[in-house]
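**Student:** Residue numbers (the working numbering): 84 to 348. Don't be surprised by glycine CBs; every beta carbon is placed ideally from N, CA and C.
This is the structure we're talking about:
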């Protein structure tokens, strides 16, 4: 994999006003859990949202931890934090746009009421997420360490609020949105939908997100994703690059099992 610059596509994202997240959003979304059932263990086509969401949870908590622990008097550490925040903003903004432009479009033809709510959530969360890019840039530019410390403490609180709300948003997708996909699409249709999505996904976004995906998943998830990538024609050299990435987070025995499972012994 080539080096990825998280700022490459930031200029393409719209600069939007930043409303506050609804204070009741987490409670409302989480309240759906008891009525939706245990959809993660369904015998139907695998949940479309679990693989990316595991990666985004890892990514968000990386950012959250770094905001709270960074040495704000060290310019190199501050710049590393800027890059991490910008990378997370880019990846998750692109993810939201991909979901809205592809999956929500298809589901909206069969369940327009639910998709209207889904798109509203995406818009609200995207507005708030984009504000963190501007705020971390302002913090980095301020050379007054006391002011920088104060601003980082507030950013830590606000980013925590955002993550809390977005975890509930992911739960809503994994349960209510996925239940609608299962109710209104056959397994064959879902397989075709996901395969076509993988073929058209932005390669720079995929390259940026894959390190978090491979880090977040267990052996089954890693094998499954690599097989999907093989299925859409990903070159073997790229697959081997991902295996090298997995080797940074997994024991050698697991890497060998993965190679065997995908036919690259």
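(1) Could you pull the start and end residues of the alpha helix (DSSP H) that residue 179 belongs to?
(2) Leaving aside the five residues before and after residue 348 along the sequence, list all residues of the same chain whose C-beta is less than 6 Å from its C-beta, in chain order.
(3) What does the Cβ neighbour count give for residue 262, buried or exposed, with the cut at 16 atoms within 10 Å?
(4) For residue 198, tell me which candidate among 244, 255 and 221 has the shortest Cα-Cα distance.
(5) Out of 311, 330 and 153, state which residue places its alpha-carbon closest to the alpha-carbon of residue 234.
(6) Relative to the alpha-carbon of residue 188, which residue among 276, 171, 242 and 148 has its alpha-carbon at the smallest distance?
(7) Distance, Cα to Cα, residue 105 vs residue 316?
(8) Please report the straight-line C-alpha distance between residue 285 and residue 173, rounded to a whole angstrom.
(9) Skipping 5 residues on each side, what residues in its chain have a beta carbon closer than 7 Å to that of residue 325?
(10) Look at the alpha carbon of residue 265 and the alpha carbon of residue 259, and state the distance between them as a whole number of angstroms.
(11) How is residue 202 classed by DSSP in three states: helix, strand or coil?
(12) If you draw a straight line from the C-alpha of residue 181 to the C-alpha of residue 345, how long is it?
(13) Rounded to whole angstroms, what is the Cα-Cα separation between residue 146 and residue 236?
(14) In whole angstroms, what separates the C-alpha of residue 221 from that of residue 192?
(15) What alpha helix (DSSP H) runs, 4 residues minimum, are completely inside the region 298 to 332?
(16) Closest by CA to residue 165, which one among 278, 214, 289 and 288?
(17) Output the distance between the C-alpha atoms of residue 107 and residue 328, rounded to the nearest integer angstrom.
(18) Nearest to residue 281 by alpha carbon, out of 313, 301 and 300?
(19) Given a cut-off of 8 Å on the beta-carbon distance, is the pair residue 252 and residue 208 in contact?
(20) Do you know offhand how far residue 424's Cα is from residue 273's?
(21) Exposed or buried, what is residue 109 when buried is set at 16 or more other beta-carbons lying within 10 Å of its beta-carbon?
(22) Does the beta-carbon of residue 179 have 16 or more other beta-carbons within 10 angstroms, so that it is buried, or is it exposed?
(23) Could you tell me which of 289, 162, 206 and 270 sits nearest to residue 226, measuring between CA atoms?
(24) Which residues bound the alpha helix (DSSP H) around residue 346?
(25) Rounded to a whole number of angstroms, what is the C-alpha to C-alpha distance between residue 289 and residue 331?
(26) Figure out for me which residue from 337, 140, 128 and 230 has the closest Cα to the Cα of residue 301.
(27) Label residue 144 either buried or exposed according to how many other C-beta atoms from any shown protein chain fall within 10 Å of its C-beta, with 16 as the threshold for buried.
**Tutor:** Inspection of the coordinates gives the following:
(1) Walking along the chain shown from the start, residue 179 turns up at place 96. Counting along the chain, the alpha helix (DSSP H) containing residue 179 begins and ends at 158 to 181.
(2) For the purposes of this step, residue 348 is identified with residue 265 of the chain shown, where counting begins at 1. Correct list, in chain order: 342.
(3) Looking up residue 262 in the chain shown gives position 179. Its Cβ being crowded by 16 or more others within 10 Å, residue 262 is buried.
(4) As a working mapping, residue 198 is identified with position 115 in the chain shown. Among 244, 255 and 221, the Cα nearest to that of residue 198 belongs to 255.
(5) For the purposes of this step, residue 234 is taken as the residue at position 151 of the chain shown. The option with the nearest alpha carbon to residue 234 is 153.
(6) For the purposes of this step, residue 188 is identified with residue 105 of the chain shown, where counting begins at 1. For the residues 276, 171, 242 and 148, the minimum Cα distance to residue 188 belongs to 276.
(7) Taking the first residue of the chain shown as position 1, residue 105 is located at position 22. Taking the first residue of the chain shown as position 1, residue 316 is located at position 233. Bear in mind that a pLDDT of 44 at residue 105, under 50, signals an unreliable position, so the number given afterwards is only what the model happens to contain. Each residue's Cα considered, the two are about 42 Å apart.
(8) Here residue 285 refers to the residue found at position 202 of the chain shown. Here residue 173 refers to the residue found at position 90 of the chain shown. Straight-line Cα distance between these residues: approximately 12 Å.
(9) Residue numbering aside, residue 325 sits at position 242 when the chain shown is read from its first letter. Same-chain partners within the cutoff: 293, 297 and 309.
(10) To locate residue 265, count along the chain shown from 1; it is residue 182. To locate residue 259, count along the chain shown from 1; it is residue 176. If I take the Cα positions, the gap works out to 10 Å.
(11) For the purposes of this step, residue 202 is identified with residue 119 of the chain shown, where counting begins at 1. Of the three classes helix, strand and coil, the one that applies to residue 202 here is helix, per DSSP.
(12) The residue you call residue 181 lines up with position 98 of the chain shown. The residue you call residue 345 lines up with position 262 of the chain shown. Distance between the alpha carbons of residue 181 and residue 345 is about 27 Å.
(13) The sequence position of residue 146 within the chain shown is 63, counting from 1. The sequence position of residue 236 within the chain shown is 153, counting from 1. In a straight line, the C-alpha of residue 146 is about 13 Å away from that of residue 236.
(14) Within the chain shown, residue 221 is the residue found at index 138, counting from 1. Within the chain shown, residue 192 is the residue found at index 109, counting from 1. Residue 221 and residue 192: Cα-Cα distance of roughly 42 Å.
(15) 302 to 314 and 319 to 330
(16) Residue 165 sits at position 82 when you count from the first residue of the chain shown. It is 214 whose Cα lies nearest to the Cα of residue 165.
(17) To locate residue 107, count along the chain shown from 1; it is residue 24. To locate residue 328, count along the chain shown from 1; it is residue 245. With a pLDDT of only 41 at residue 107, under the threshold of 50, the placement of this residue in the model should not be trusted; the figure read from the coordinates follows. Cα-Cα distance, rounded: 39 Å.
(18) In the chain shown, counting from the first residue as 1, residue 281 sits at position 198. The shortest C-alpha separation from residue 281 is found at 313.
(19) Counting from one through the chain shown, the residue named residue 252 turns up at place 169. Counting from one through the chain shown, the residue named residue 208 turns up at place 125. Yes, Cβ-Cβ distance for residue 252 and residue 208 is below 8 Å.
(20) Residue coverage of the chain in this structure runs from 84 to 348, which leaves residue 424 outside it and unanswerable.
(21) One-based indexing of the chain shown puts residue 109 at position 26. In this prediction, residue 109 has a pLDDT of 38, which is less than 50 and means its spatial position is unreliable; what the coordinates show is noted afterwards. Looking at its Cβ environment, which holds 16 or more other Cβ atoms inside 10 Å, residue 109 is buried.
(22) Counted from its first residue, the chain shown places residue 179 at position 96. Classification for residue 179: buried.
(23) Within the chain shown, residue 226 is the residue found at index 143, counting from 1. Ranking 289, 162, 206 and 270 by Cα distance to residue 226 puts 162 first.
(24) Numbered from 1 along the chain shown, position 263 holds the residue referred to as residue 346. Segment: none, residue 346 is in no alpha helix (DSSP H) and carries neither H nor E.
(25) Residue numbering aside, residue 289 sits at position 206 when the chain shown is read from its first letter. Residue numbering aside, residue 331 sits at position 248 when the chain shown is read from its first letter. Their Cα atoms are separated by approximately 19 Å.
(26) Within the chain shown, residue 301 is the residue found at index 218, counting from 1. Selected option, being the one with the closest Cα: 337.
(27) In the chain shown, the residue the question calls residue 144 occupies position 61. Exposed, because fewer than 16 other Cβ atoms sit within 10 Å of the Cβ of residue 144.
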